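Numbering (our numbering), first residue to last: 5 to 268.
What follows is a single structure, written as structure tokens, with notes after it.
Set out below in structure tokens:
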């Protein structure tokens with residue numbers, strides 16, 4: 005059996021306020037020692053996740069912007085250059101659609117509208133991280149400034165353009181018709197092709213509604229306690245694990261229990 009761990013970042017592996025993963029260090033070290041890859045799957049951009057992977061000494065593939073892009077590092081599965089798979093609409097098209105909707109009177113403020121200083125103040129990111137957060141491939145986060153009724157009209161207008169709106173931990177995300185599960189299914193197939201004689205078991209950890217599809221797409225779904233985790237609901241036959249603690253402390257708690265259960 006080969007275990008593959010797929011994890012959300014904000015509010016899951018990273019603390020929602022401090023962005024620290026220190027509480028998950030024991031489980032991360034156990035996973036590393038066992039040679040179990042941790043595939044990061046986040047609303048963060050490719051540059052943002054690259055920086056976090058470097059700090060974590062993580063060499064596994066990763067999924068960016070809620071499934072907009074999957075990155076397989078060079079030579080990870082075979083002698084091949086880095087592979088980047090894009091799903092859905094690209095970022096320039098999304099910005100064109102948003103510009104048209106703003107002209108129609110919809111009120112919002114997206115990352116593209118914000119200065120680095122403004123984004124730093126809003127998110128708590130340092131300036132360099134805020135710059136990386138604006139380097140997007142296929143999604144655009146925004147803060148809604150209109151009424152609830154106008155938001156419904158906004159969502160319908162996006163659907164007419166083959167786009168959709170997804171609620172994240174802090175922002176609404178405008179994106180194409182894809183989700184975090186697309187990258188999960190792709191990477192699971194890649195691991196199963198790489199290890200045809202082994203049983204590949206996928207584990208995913210998430211804390212908010214934008215993790216729903218990812219959790220539904222794996223063998224072992226884990227819901228990390230957080231402000232919006234109660235709104236996550238999976239079929240009763242899925243045997244979902246829920247953490248008692250929040251954020252990385254809950255991640256550590258569940259991951260250590262799973263490693264013991266699977267004999268690592």
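Using N, Cα and C, we set each Cβ at its ideal position, and we do this for glycine too.
This one's a predicted model, so the numbers in the text were calculated from it and none came from an experiment.
Quiz prompt | Ordered list of alpha helix (DSSP H) runs contained in the region 144-232, each at least 4 residues | solution = 152-164, 184-198, 216-220
Quiz item: Are residue 143 and residue 178 close, meaning C-beta to C-beta below 8 angstroms?
Solution: yes
Quiz item: Which value, in whole angstroms, describes the spacing of the CA atoms of residue 7 and residue 255?
Solution: 16 angstroms
Exercise. Whole angstroms is fine: what's the gap from residue 251's alpha carbon to residue 167's?
Key: 30 angstroms
Self-check item: Residue span of the beta strand (DSSP E) that contains residue 8, given as start and end
Solution: 6-11
Exercise. Excluding the 5 residues preceding and the 5 following residue 192 in the sequence, name in chain order all residues of the same chain whose CB lies nearer than 6 angstroms to its CB.
Key: 206
Quiz item: With residue 183 and residue 71 assumed to form a contact (beta carbons below 8 angstroms), what rounded beta-carbon distance in angstroms separates them?
Solution: 5 angstroms
Quiz item: Would residue 222 be called buried (16 or more neighbouring beta carbons within 10 Å of its own) or exposed?
Solution: buried
Quiz item: Just how far apart, CA to CA, sit residue 227 and residue 14?
Solution: 13 angstroms
Quiz prompt | Nearest-angstrom Cα separation, counted from residue 236 out to residue 26 | solution = 25 angstroms
Quiz item: Going by other Cβ atoms of all chains shown within 10 Å of its Cβ, with 16 needed for buried, is residue 38 buried or exposed?
Solution: exposed
Exercise. Quick one: residues in its chain with C-beta nearer than 7 angstroms to the C-beta of residue 114, no 5 flanking neighbours on either side, listed in chain order?
Key: 102, 144, 145, 146
Quiz item: Roughly how many angstroms lie between the CA atoms of residue 53 and residue 28, to the nearest whole one?
Solution: 17 angstroms
Practice problem: Pull up the distance between the alpha-carbon of residue 259 and that of residue 36, whole angstroms please. | Solution: 12 angstroms
Quiz item: Using 8 angstroms as the threshold, is the region 48-66 in touch with the region 104-120, meaning 3 or more CB pairs across them?
Solution: no
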